[in-house]
Amino acid sequence: MGRDPTGLLRSSLGAARRRLLPTSLPTPRTINRVNCLFSHSLQQRRAFADVKRPSTAPKPIIDIRHIRENPDLHEQNCLERNYVQQSKSPARINEIFAQWQALQKDSRAVRERSNLLRRQIANPASTSGDDNAEFNEIRGKTREELLDEARVLKQKLAAVEQDEAKLVEEMEGLALAIPNLTSDVTPVGDEPRLLSYINEHPHETPSASDKVWRSHVHIGSELGLLDFAGAGTVSGWGWYYLLDEAAQLEQALVQYALAVATRHGWRQVAPPSVVYSHVAAACGFQPRDQNGEQQIYSLAQSAADVERGKPELSLAGTSEIPLAGMKAETTLDATELPAKRVAVSRCYRAEAGARGASTKGLYRVHEFTKVEMFAWTAPDADETVDVFEEMLDIQTEILGSLGLHCRVLEMPTADLGASAVRKCDIEAFFPSRQEQNDGWGEVTSASICTDYQTRRLATRAKIDGKLTFPWTVNGTALAVPRVLAALLEAGWNEQEMSVSIPACLQPWMDGKEKIVRKTVS
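Each residue of the sequence shown is one higher than the last, beginning at 3 in my numbering.
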């Protein structure tokens, strides 16, 4: 069965980096088969089977057997992750499998009878030595009777095989929609667990000018850095213009994040922003959630494209999708693992949320720039957690050097997307969000997805001469709008009407130390 998987259960950061030993039999939250016997960020309740998969798409290889043999395990896991609809699938899969077995028995009998008929038709002497009731009955038929029965059996077999294929398709569809199993360190429910803090908590004070907390929207307006009204006219709510130093800050943040990741050995990739919808689905992203809310922008197809069966395209919500797809239907060599990549791309999210204080400004937008880390690892708990913790270290280094006060959280089951076994978020302190979440807002995320994505993308690895499925890990290096918003609020000086620029960004800001109000000449 392979090594004990408790490496995935290690706590993250500092002295807490130790192995948590198992104390009981596997539960729905236990990653209990390291040798890839199970398969299956933004909470979107995504179901792979909802997207039409063209014949050219990578064929997913799901371990339905593990679901069949552990229906209670998967059912409880679905319920803990709020996949209520999918919680019924394991039992349904077993029902379908029983029907499939019955059809297999029927088809076997039909094939055996058909083979006997073909033997008798082709060479009557071939059955002369067989002496049982069935052979005697066949030898008593005329050639015309044998041909008639053979035609009937052929039609019957075709119908049975068609029914078998439908059952297999239904089983695969249900299995694809079942979320990954969950790490034992993941809290059950909807409350995250605090792991650590980054930098000291600031002593925030309200704005003296209009009694609002130091909102980046207010600061951006004061300094002429943000234009939401103009973007609203051009694109609608949820879009924005970054002006002058804000636009420069975006490039500085991107270059700094890439520099840090590259220094740690992550190879840069410039990925496409348009992807096949079935590739996005294989990564765990769906155009719509379970409530029918749009999550991803799908590109319109002409009637001719639809008729030709041309695969649907979507705007990538994260470069995790094109990065994961980059190795679809390929085999990685063990010497390539872990394969670590970092990419910068524009990201598109349809689910920018309802209008309100919690989504005002840059916090939740439809389009933004993000630097993303992605890695393929051997299906090995220790190696995977090492890469996961390296991602957290890089995130901590970047946010810490920017002077932001943050907290690192172990995210609960209710917050895990379909692909994640474990997820850690880092939230920054936003003075303007004090009434929403005590000032905290997510700025980065990191997830372990085991073989969920590689099974669905047919990505393999050859290790010790055997083909297996590598595991994947993904994490945000830096999402520009939220970090930029946090910098404006954290660096705001009400008396000077200025924003301080972190020293690590100044080389990309022409050496500027502050952003000040522009004088009108």
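Virtual Cβ for every residue (Gly too), placed ideally from N, Cα, C.
Less than 8 Å between the CB atoms is what I'm expecting for residue i and residue j, so what's the real figure, rounded?
| i | j | result |
| --- | --- | --- |
| H76 | P92 | 4 Å |
| V389 | L260 | Wrong, their Cβ atoms sit about 18 Å apart, outside the cutoff. |
| A463 | L334 | 4 Å |
| A179 | I66 | About 12 Å; that fails the 8 Å criterion. |
| E429 | L411 | 7 Å |
| K362 | V501 | At roughly 18 Å, the Cβ-Cβ gap does not stay under 8 Å, so K362 and V501 are not in contact. |
| P181 | N79 | 7 Å |
| T320 | E374 | 6 Å |
| I98 | L197 | Incorrect: roughly 42 Å between the Cβ atoms, too far for contact. |
| A525 | L507 | Here the chain comprises residues numbered 3 to 523, so residue 525 is not present and cannot be evaluated. |
| I465 | A263 | Between A263 and I465 the Cβ distance is about 26 Å, and since that is not below 8 Å, they are no contact. |
| A492 | L406 | 6 Å |
| V367 | W241 | 7 Å |
| Y243 | W510 | About 20 Å; that fails the 8 Å criterion. |
| P504 | V190 | With 8 Å as the limit, P504 and V190 do not qualify as a contact, their Cβ atoms being about 38 Å apart. |
| P433 | R216 | 5 Å |
| R55 | N96 | Incorrect: roughly 24 Å between the Cβ atoms, too far for contact. |
Once the 5 residues before and after residue i are set aside, which same chain residues still bring their CB inside 8 Å of it?
| i | result |
| --- | --- |
| S109 | L159, V162, E163, E166 |
| V112 | L155, K158, L159, V162 |
| M499 | E224, L225, V518, R519 |
| L119 | I140, L148, E151, A152, L155 |
Taking the beta carbon of residue i as the centre, do at least 16 other beta carbons fall within 10 Å, making it buried, or is it exposed?
| i | result |
| --- | --- |
| H203 | exposed |
| R47 | Low per-residue confidence applies at R47: pLDDT is 37, beneath 50, and the placement is therefore not dependable, though the value from the model is reported in the following sentence. Buried is the call here. |
| T188 | buried |
| T184 | buried |
| Q87 | exposed |
| Q270 | exposed |
| N84 | buried |
| V387 | buried |
| L469 | exposed |
| K520 | exposed |
| K107 | exposed |
| R145 | exposed |
| N72 | buried |
| R458 | buried |
| S237 | exposed |
| K516 | exposed |
| W494 | buried |
| D417 | buried |
| A302 | exposed |
Can you name the residues that DSSP bridges to residue i?
| i | result |
| --- | --- |
| K342 | A377 |
| V518 | S500 |
| Y278 | L315 |
| S449 | K425, N476 |
| E444 | E429 |
| L335 | A small fix is needed here, since residue 335 is Asp in this sequence, not Leu. The partner list for D335 (beta bridge, DSSP) reads K464. |
| Q270 | V344 |
| C349 | F370 |
| A481 | K372 |
| E412 | R195, C426 |
| N495 | S500 |
| T470 | A463 |
| L404 | Bridge partners of L404: none, in fact. |
| Y243 | D229 |
| I200 | C408 |
| S300 | S316 |
Considering only residues of the same chain and omitting the five flanking positions on each side of residue i, which have a CB-CB separation below 6 Å?
| i | result |
| --- | --- |
| A59 | H280 |
| G222 | L228 |
| K372 | C349, A481 |
| R424 | S185, T188, I450 |
| T32 | Low confidence applies here, because T32 scores a pLDDT of 39, under 50, leaving its location unreliable; read the following figure in that light. D186, listed in sequence order. |
| R435 | G441, G443 |
| L251 | L486 |
| L401 | I200, C408 |
| T604 | The question about residue 604 has no answer here: the residues shown for the chain are numbered 3 through 523. |
Please work out which residues of its chain come closer than 7 Å, Cβ to Cβ, to residue i, disregarding the five sequence neighbours upstream and downstream, and give them in chain order.
| i | result |
| --- | --- |
| T398 | I200 |
| P324 | P273, P274, V277, A318 |
| P340 | A377, W378, T379, E385, V389 |
| Y365 | G443, R484, A487 |
| T25 | Note on T25: pLDDT 28, under 50, position unreliable in the model; no value is reported. |
| T337 | none |
Quick one: any contact between the region 297-311 and the region 269-287, if contact means 3 or more CB pairs under 8 Å? The region 297-311 is in contact with the region 269-287.
Does the contact criterion of 3 or more C-beta pairs under 8 Å hold for the region 325-332 versus the region 300-311? Output reads no: the region 300-311 does not touch the region 325-332.
Tell me whether the region 474-493 and the region 377-394 touch, counting them as touching only if at least three CB pairs, one residue from each stretch, are closer than 8 Å. Flag = yes, the region 474-493 and the region 377-394 touch.
Counting pairs of beta carbons, one from the region 169-176 and one from the region 101-117, are three or more of them closer than 8 Å? Between the region 169-176 and the region 101-117 there are three or more inter-stretch CB-CB distances shorter than 8 Å, so the stretches are counted as touching.
Would you be able to state if there are at least three C-beta pairs under 8 Å between the region 231-239 and the region 483-501? Output reads no: the region 231-239 does not touch the region 483-501.
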